[in-house]
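Q: Before I ask anything, let me first share the structure, which is written out below as structure tokens.
Residue numbers (the working numbering): 2 to 209.
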């Protein structure tokens with residue numbers, strides 16, 4: 002698959018890049034993407050939820066009423082899980098939600114995500130650029146010129162650029178990342194993937 006390289010004004014530069022079919026043209030594996038995204042979202046959970054059991058709730062040391070003769074069910078504590086103010090029965094406890102996915106499956110998932118974007122025509126390549134200072138306007142204008150304004154866009158760079166990253170941080174639907182760090186979820190959770198030209202080579206080195 003070939004794509005035309007655009008400049009930040011949205012005009013064609015006359016240059017064409019060929020996407021690697023092993024990364025952007027494979028048969029999409031929905032199951033691999035499902036496993037990877039599920040693990041990514043699960044690993045984001047803190048797992049710090051906690052409810053007190055009857056042993057941890059304050060009070061309840063005295064038997065609330067005598068064992069027999071009241072007509073009520075016997076009770077040994079007012080902190081039983083069946084009583085108001087009592088502890089939780091089978092409540093949540095702190096635990097890890099981490100899930101592991103094999104490296105090959107993760108690689109397949111990322112390739113599948115990129116291929117699905119390529120097949121859908123949601124990949125845009127822009128020439129390498131840099132900014133003189135931290136300003137949101139140039140990045141916003143570039144997105145507008147490329148027809149990506151208002152779209153959830155993932156912009157991938159070949160290396161970390163603090164100026165570009167900070168300039169795009171204030172744009173609500175823009176996510177700027179180094180290409181090799183983009184996960185399956187990041188790719189799928191975007192309406193368009195905007196590559197700097199050098200970032201394509203970085204992706205090929207990472208996933209090729």
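Using N, Cα and C, we set each Cβ at its ideal position, and we do this for glycine too. This one's a predicted model, so the numbers in the text were calculated from it and none came from an experiment.
1. My understanding is that residue 37 touches residue 107, with C-beta atoms under 8 Å, so please give their C-beta distance in whole angstroms.
2. Check for me: the alpha helix (DSSP H) holding residue 15 runs from which residue to which?
3. Here's a check: name, in chain order, each residue in its chain whose Cβ is nearer than 7 Å to the Cβ of residue 97, leaving out the five neighbours to either side.
4. Pull the bridge partners of residue 194 from the DSSP assignment, please.
5. Tell me the rounded alpha-carbon separation between residue 140 and residue 133.
6. According to the Cβ coordinates, are residue 17 and residue 123 closer than 8 Å?
7. Please report the straight-line C-alpha distance between residue 53 and residue 198, rounded to a whole angstrom.
8. Should the region 161-175 be regarded as contacting the region 26-33, the criterion being three or more beta carbon pairs within less than 8 Å?
9. Are residue 82 and residue 64 touching if we call contact CB-CB under 8 Å?
10. Can you name, in chain order, every residue of its own chain whose Cβ lies under 8 Å from the Cβ of residue 168, other than the five neighbours on each side?
11. Looking at the unbroken alpha helix (DSSP H) that takes in residue 165, where does it start and where does it end?
12. How would you label residue 85, buried or exposed, when you count the other beta carbons within 10 angstroms and need 16 or more for buried?
A: Reading from the atomic positions:
1. 5 Å
2. Note, residue 15: premise wrong, no alpha helix (DSSP H); beta strand (DSSP E) at 13-19.
3. 48
4. 124, 155
5. 12 Å
6. no
7. 55 Å
8. no
9. no
10. 132, 135, 136, 137, 139, 140
11. 163-169
12. exposed
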